[in-house]
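Okay, structure first, notes after.
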Amino acid sequence: MSSDVNTPPEQLKPRLPGGFSLPPFGIHQVLALVIVCVSLWAVGLLWLGMQAASQWTGSWQQDIRLHVYLSSTKKDRLKALAKDLKTLPDVRDVRIVPRSETRQWLHGWLGSTGVDESELMNSLPYSVEVMPRSNAGHFLFRDMRDMARRYGANVNKQELFLVRAHRWLSGIRKLAWFATAVLALAMAIIISNTLRMTLLARADEVQLMRLLGAREWFVRMPFLLEGMLLGAGAGLFSWILLWPLVFGASDWLSALHVDLHVFYLLPPLVFCGAVVGCLGAWIATARLAVPDVKGA
Amino acid sequence: MIEARQLMLRYPSGKTALSGITLQIEKGSFVYLTGESGAGKSSLLKTLYGALRPTSGQLNVQSLDMREAREGQVRTLRQNIGVIFQDHKLLFARTVFENVALPLRVQGWKPDRLVPRVRKVLEFVGLEDRLWSYPEALSGGEQQRVAIARAMSSRPPLLLADEPTGNLDIETAHRIMDYLVELNRHGTTVIMATHDLQLMEAFPGQLIRLHAGSLMSENVSFDEAIVGDTPEGSGIDTGALL
C-alpha cells in the first residue's frame, strides 16, 4: 500500500478543463458509437450521391441543346419557326441545323450497313437547335412545345426528360435535407438513451454532487462532453468508411466525369456528429434535471 | 449560525416530519440531536442543508432564509456545509482519494491545492495509507472515517452528521467522536443526530431532544436528556438505547 501512496494513479490529474472526468466508456457507448456511425455514414453517402448527381447534371447542363423537328414537307416554315423560337424569353440562341450536318450524323449512325443514305435523308425532318439560358424556367419548355405545335413541329421529348431529371434532383436535394434532419433526430435519441443508462448507473454520484453543492452545469458537463465526443468520433469513423465506396466506384465515377470531394464531408460529419451528440446529452440530462430538493 | 422559528416540514404524503421547531444554534457549538427513531432528526438535518425545504415557519442557516432561497443559493450554502450522511453515500466505483476530493472538485479546487488537502484530511482520520483503495475494501469504521474526511475536506464552518456511529462498535464510535470533537475544537460547528446516550455521556455537548417531530427540549443537560428518554418521559424503551 505504501508504494501506492507514492504512485498517483491517472485519475489524480483531471484530463479535462474544470476537473471533469468522463464517464466510463462501456458497451452501451460502443453500441451507440456504431449505430450513430452507420447513420452518419448513410447521411454522408446521401450527400456524396447528391454531389455526384449535381456534378453529372451540371456537366451536361452547361451545353444543353434542345431540338425541334419539322417535317421535310413543311420546310418552308423552318426560318419562321427558328425566328419565333428565338423570341422566347429564356432562349439564348437558335440554330438551324444544316442538312450537311444531318447527313454527316446519319452517315455515322448507319456506319457500313450499305443502306442508301439519300433516300433516308429525304425522310429525315429538318432540325432547329435551341440553346436555353442556364437559368431557364419550366415555362420555356411549354412555350417551345406550343410554338412547335403551331408550326406542325415536334420537340425532342427525351431531351425534355433530361431537363426534368435536373428538376427532380432539386426536389431530391430537399428530401435529402429532410432525411438528414430525421436521421439527426434519431441519432440524438440514440445518444440520449445511451447516456440515460450511464446516468442511471451514476445516479448516486449525480445526487451526491448536488448534495455537495455542485451547479447543474458541473453535473451535466461530463455527460455533454461524452455526448459530443461520441458524436464527433462517430462522424470521423463514418467519414473513413466512405472511402472504400469511393474507391470502389472510381471507374464508374470517372466515366461520368464526376470528381468527388470527399474531404469536404469531413468537417460537416464531425461537426454534425458533435452537435447531435451534445443534443442527445442535453435531452438525457434534462430528464435528470428534476431537483432533489423539492419542497416537502 | 442557525435559527428556526415555528419550523414545520410536511412530506408530500401528508406526514408531518417537523412541527413548531424553534431553536437557535450558535457558531462553534457541538450539538446533539436526539430522540427516538422517526422523531425527525434526519428530517431536521436535511432541512439544514436544503435537501428538504420547510413547509412553513422560518429557518435561517448561515443567514440564508431556507424557505425563500433560490436553488443556486442553496447549492452555494451546501459548499459551506460538511455532511456525513447516515448511509455514508460513498462512491464505491471511486477511490478513497476521489471520494474525498469530490467536494473540492465541485468547488473548483486546482490539483496543486487539492491533492495536499486530501492527503492532509486523510492523515487526520488515519487513512493516509488507504488513499488509492476502494471503499469496499475498507471496514465500516474506515468507511465512516472516509465520510468524515470528505465532509471536512473543504473546511466547512458547519458539519452535520446523521448518526455517524450508528453501525459501529463502541471503540470505533469513540474514535469517530474524537475526530468530530477535534474539529469542533478548531471552530467547526458540529450538529450530530444520534440516539446513543453512551456517546453523549462520554462526549458532552448541547442537547436538542425531538419527539414525534416536535422539540421536547433545547440546551438540556445529559441528565435531563436521560430523564426525557425514560419510558415515563417519552414513552420509549431506553433499555434498548442503553
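If you read the sequences in order, they're chains A and B.
Note that our numbering numbers the first sequence so that position 213 is 240, with each residue one more than the last.
Note that our numbering numbers the second sequence so that position 76 is 213, with each residue one more than the last.
Backbone N, C-alpha and C fix where the C-beta goes; we use that ideal spot for every residue, glycine too.
In this text the structure is predicted, and so the values were computed from the model without any measurement.
With distances taken Cα to Cα, identify the nearest neighbour of alanine 313 of chain A among A:Gln78, A:Ala175, A:Val246, A:Met174. Closest option to alanine 313 of chain A, Cα to Cα, is A:Val246.
Got a sec: which bits of the region 187-201 of chain B sit with their beta carbon under 8 angstroms from any beta carbon on chain A, in order along the chain? Residues passing the 8 angstroms Cβ filter: Gly187, Ala188, Leu189, Arg190, Pro191, Thr192.
Between the Cα of leucine 305 of chain B and those of B:Leu296, B:Gln280, B:Thr325, spot the shortest distance and give me the residue it belongs to. The alpha carbon of leucine 305 of chain B has as its nearest neighbour, out of B:Leu296, B:Gln280, B:Thr325, the alpha carbon of B:Gln280.
Between asparagine 217 of chain B and proline 293 of chain B, is the Cβ-Cβ spacing less than 8 angstroms? A Cβ-Cβ contact shorter than 8 angstroms links asparagine 217 of chain B with proline 293 of chain B.
What span of residues does the alpha helix (DSSP H) with histidine 288 of chain A cover, start to end? Counting along the chain, histidine 288 of chain A falls outside any alpha helix (DSSP H), and DSSP gives it neither H nor E.
Residue range of the unbroken beta strand (DSSP E) whose run includes glutamate 156 of chain A: Per DSSP, the continuous beta strand (DSSP E) segment holding glutamate 156 of chain A begins and ends at 153-159.
Determine the DSSP secondary structure at valine 258 of chain B, reduced to helix, strand or coil. Here valine 258 of chain B sits in helix by DSSP.
Output the boundary residues of the alpha helix (DSSP H) element that contains valine 273 of chain A. According to the DSSP assignment, valine 273 of chain A belongs to the alpha helix (DSSP H) that extends over 243-275.
Close Cβ partners of alanine 308 of chain A (< 6 angstroms) along its chain, the five nearest in sequence each way excluded: Spatial neighbours of alanine 308 of chain A in its own chain (CB-CB distance under 6 angstroms, excluding positions within 5 residues in sequence) are listed in chain order as Leu222, Phe250, Leu251, Gly254.
Tell me, please, whether the CB atom of arginine 242 of chain A is closer than 8 angstroms to any CB atom in chain B? It does: the Cβ of arginine 242 of chain A has a partner Cβ on chain B nearer than 8 angstroms.
Let me check one thing: in DSSP terms, what residues is arginine 142 of chain B bridge-paired to? Paired residues: B:Gln195.
Should the region 265-283 of chain A be called in touch with the region 181-190 of chain A, which here means at least 3 C-beta pairs below 8 angstroms? They do not touch, by the three-pair rule.
What three-state label does DSSP hand tyrosine 186 of chain B in the structure shown? The answer is coil: DSSP assigns tyrosine 186 of chain B none of H, G, I, E or B.
Since glycine 209 of chain B is in the alpha helix (DSSP H), which residue starts that stretch and which ends it? Annotation for glycine 209 of chain B: the continuous alpha helix (DSSP H) segment containing it runs 208-215.
Hey, is the region 171-180 of chain B in contact with the region 329-348 of chain B, meaning 3+ C-beta pairs nearer than 8 angstroms? Under the three-pair Cβ rule at 8 angstroms, the region 171-180 of chain B counts as touching the region 329-348 of chain B.
Candidates B:Leu170, B:Gln143, B:Arg147, of which the one nearest aspartate 333 of chain B by Cα: The shortest Cα separation from aspartate 333 of chain B among B:Leu170, B:Gln143, B:Arg147 belongs to B:Leu170.
Euclidean distance between Cα positions of asparagine 33 of chain A and leucine 264 of chain B: At asparagine 33 of chain A the pLDDT is 47, less than 50, meaning the model places this residue with poor confidence; the figure from the coordinates comes in the next sentence. Between asparagine 33 of chain A and leucine 264 of chain B, the C-alpha separation is close to 14 angstroms.
If you draw a straight line from the alpha carbon of proline 295 of chain A to that of threonine 100 of chain A, how long is it in whole angstroms? Each residue's Cα considered, the two are about 59 angstroms apart.
Contact set for alanine 80 of chain A: own chain, Cβ-Cβ below 6 angstroms, skip 5 residues either direction: Only Leu196 meet the Cβ criterion.
Check for me: the beta strand (DSSP E) holding arginine 200 of chain A runs from which residue to which? Annotation for arginine 200 of chain A: no beta strand (DSSP E) segment contains it, though the alpha helix (DSSP H) segment containing it runs 184-228.
Under 8 angstroms, do glutamine 192 of chain B and arginine 242 of chain B count as touching if we go by C-beta distance? Residue identity check: residue 192 of chain B is threonine in the sequence provided, not glutamine. No, these two residues do not count as a Cβ contact at 8 angstroms.
So what does histidine 94 of chain A bridge to, in DSSP terms? A:Glu156, per the DSSP bridge assignment.
With DSSP as the reference, label alanine 330 of chain B as helix, strand or coil. In this structure, DSSP gives alanine 330 of chain B an extended state, which the three-state scheme calls strand.
Specify, as a first and last residue, the run of the beta strand (DSSP E) that aspartate 117 of chain A falls within. First-last for aspartate 117 of chain A: undefined, no H or E at that position.
Measure how close the beta-carbons of valine 70 of chain A and leucine 280 of chain A come, nearest whole angstrom, since I'm counting them as under 8 angstroms. About 20 angstroms separates the two Cβ atoms, so there is no contact after all.
With a threshold of 8 angstroms between beta carbons, is serine 30 of chain A in contact with chain B? Because serine 30 of chain A carries a pLDDT of 43, less than 50, the predicted location of this residue cannot be relied on, and the following value inherits that uncertainty. Judged by the 8 angstroms Cβ criterion, serine 30 of chain A is not in contact with chain B.
In whole angstroms, give me the CA-to-CA distance for cysteine 305 of chain A and alanine 230 of chain A. One C-alpha to the other measures close to 20 angstroms.
Collapsed DSSP secondary structure at asparagine 236 of chain B in the structure displayed: If DSSP states are grouped into helix, strand and coil, asparagine 236 of chain B belongs with the helices.
Inter-stretch contact at 8 angstroms, needing at least 3 Cβ pairs: the region 224-241 of chain B / the region 283-292 of chain B: Two segments are said to touch when three or more pairs of C-beta atoms, one from each, lie closer than 8 angstroms; by this definition the region 224-241 of chain B touches the region 283-292 of chain B.
Burial state of tyrosine 178 of chain A (16 or more Cβ within 10 Å): That one is buried.
Which same chain residues, not among the five before or five after glycine 260 of chain A, have their C-beta less than 7 angstroms away from its C-beta? Correct list, in chain order: Leu60.
Interface flag, threonine 213 of chain B vs chain A, CB-CB below 8 angstroms: Yes, threonine 213 of chain B counts as interfacial toward chain A.
Beta-ladder partner(s) of arginine 147 of chain B, from DSSP: Beta-bridge analysis with DSSP links arginine 147 of chain B to B:Thr153.
Spatial neighbours of asparagine 321 of chain B within its chain, please: C-beta separation below 6 angstroms, excluding the five flanking residues on both sides. Closer than 6 angstroms at the Cβ level, and outside the excluded window around asparagine 321 of chain B, lie Phe167, Val327.
Quick one: any contact between the region 113-123 of chain A and the region 140-158 of chain A, if contact means 3 or more CB pairs under 8 angstroms? The region 113-123 of chain A and the region 140-158 of chain A touch, with no fewer than 3 CB-CB distances between them shorter than 8 angstroms.
Assuming leucine 182 of chain B contacts alanine 310 of chain B under a Cβ cut-off of 8 angstroms, what Cβ separation, rounded to an integer in Å, is found between them? Between alanine 310 of chain B and leucine 182 of chain B the Cβ distance is about 18 angstroms, and since that is not below 8 angstroms, they are no contact.
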